[in-house]
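In our numbering, the protein residues as written are 29 to 210.
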């Protein structure tokens with residue numbers, strides 16, 4: 029039986045901050061209520077969406093206040109919960125999430141705490157497109173992937189392979205002769 033969270037508490041910055049503090053306190057106290065509270069919060073964030081063409085959770089990741097709540101939940105959610113969150117809402121949308129100015133932070137938190145199988149799926153989907161978040165000025169996604177690869181040694185080779193491919197597009201400019209200024 030999940031606790032009920034009023035949708036009115038999700039948007040105002042001070043209420044959002046209170047919910048983040050509650051998540052942190054429950055997690056620090058090692059209360060079994062923490063997992064139930066996380067799932068209730070994610071369920072609440074998954075219900076309302078003005079954009080009918082995408083997941084309500086993706087819409088929440090793009091909103092600054094709701095995204096902070098979702099990030100806080102990801103930092104304390106257990107591996108099965110993170111797996112469910114990823115597979116139910118984020119899989120197939122990582123390129124857009126990684127390149128969004130707000131949502132990319134949620135992806136970073138997921139990578140900071142995700143189990144190895146989820147990180148492997150993220151690498152498979154996002155690896156070929158790592159240039160996109162970098163081009164939009166979001167290097168944190170790449171740094172989070174590298175940090176995750178450090179925690180999961182079996183994924184280091186794949187992470188490094190994708191990283192080394194970033195920026196290796198064919199060079200089409202003609203070399204200038206020595207001594208000629210541009």
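Glycine included, every Cβ here is placed at the ideal spot set by N, Cα and C.
All values reported here derive from a predicted model rather than from experimental measurement.
Residue 134 is positioned such that its CB atom lies no closer than 7 Å to that of residue 160. If you look at residue 91, you'll find it isn't in any alpha helix (DSSP H); DSSP assigns it neither H nor E. For residue 122, the closest alpha carbon among the candidates 53, 60, 89 is that of 89. By the Cβ-count criterion, residue 75 is exposed, with fewer than 16 other Cβ atoms from all chains shown falling within 10 Å of its own Cβ.
In summary, residue 126 is buried, with 16 or more beta-carbon neighbours lying within 10 Å of its beta-carbon over all protein chains present. For residue 146, same chain residues with a beta-carbon under 7 Å away, outside a window of 5 residues either side, are 110, 111, 114 in chain order. Separation of the CB atoms of residue 118 and residue 173 is rounded to 14 Å, and the pair is thereby denied contact status at 8 Å.
Around the C-beta of residue 178, fewer than 16 other C-beta atoms lie within 10 Å, and the residue is accordingly described as exposed. The shortest CA-to-CA distance from residue 49 to any of 103, 60, 73, 141 is the one to 103. Rounded to the nearest whole angstrom, the C-alpha separation of residue 162 and residue 96 is 22 Å.
Counting other Cβ atoms within 10 Å of its Cβ, residue 192 stays below 16 and is therefore classed as exposed.
The alpha-carbon of residue 188 is positioned some 11 Å away from that of residue 171. By the neighbour-count definition (other C-beta atoms within 10 Å, threshold 16), residue 142 is a buried residue. Taking the CA atoms as reference points, residue 183 sits about 11 Å from residue 150. Around the CB of residue 56, fewer than 16 other CB atoms lie within 10 Å, so the residue is classed as exposed.
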